[in-house]
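Below is one structure, written out as structure tokens, with a few remarks after it.
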């Protein structure tokens with residue numbers, strides 16, 4: 001009864017009742033929940049591998065997060081710089097627009113003031129007598145002058161000038177003594 005058989009799958013021991021008891025290594029049921037002591041794979045090793053894989057993935061995710069955070073920081077800095085530049089350009093553009101509007105406003109105000117208070121120039125010059133031939137007649141005195149422009153009747157030269165463009169009316173009257181044999185009196189407005 002004490003004989004032992006050796007098989008391919010492990011040792012077989014016979015007990016006193018004639019039954020065989022098999023002890024398999026490498027995957028049989030044993031003391032550690034399906035793994036015999038000394039197995040190379042086992043729940044602890046599998047758990048350790050899973051832990052190491054999760055740890056590696058965690059490190060990769062941390063690195064990706066750090067890179068993403070760095071990229072977002074750069075993007076935010078660029079966006080702030082772009083926004084600052086845009087605000088500066090907008091400020092300049094608004095200043096130019098404001099200047100343009102003020103200029104237009106002044107031009108419109110001038111145009112409207114022209115309609116409210118159109119320019120005028122009235123002057124009356126007097127010359128008692130003259131014997132001038134082929135020249136501009138000067139005046140001996142200025143009898144009347146009223147204007148809201150820079151216009152003037154220069155009595156010494158006989159010239160009327162006005163700073164405002166437009167149409168003007170000039171009139172004159174005279175009394176001429178023409179004796180027999182005198183030339184005809186001719187006055188021209190230039």
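In the numbering used here, the protein residues as written are 1 to 190.
Think of the CB as a built atom: it goes at the ideal place given N, C-alpha and C, for glycine as much as any other residue.
Being a predicted model, the structure only gives us computed values, none of them experimental.
For residue 93, the secondary structure class from DSSP, reduced to helix, strand or coil, is helix. Minimum Cα-Cα distance from residue 177 among the listed residues 131, 112 and 164 corresponds to 131. Sixteen is the threshold: since fewer than 16 other Cβ atoms of the shown chains lie within 10 Å of the Cβ of residue 76, the residue is exposed. Straight across, the Cα-Cα distance linking residue 117 with residue 88 is about 42 Å. Nearest in C-alpha terms to residue 154, of all of 134, 167, 127 and 180, is 127. Take the alpha-carbon of residue 182 and the one of residue 134: they are about 16 Å apart. A straight line joining the alpha-carbon of residue 66 with that of residue 105 spans about 57 Å. According to DSSP, residue 122 shares a beta bridge with 146. Residue 119 is positioned such that its CB atom lies closer than 8 Å to that of residue 149.
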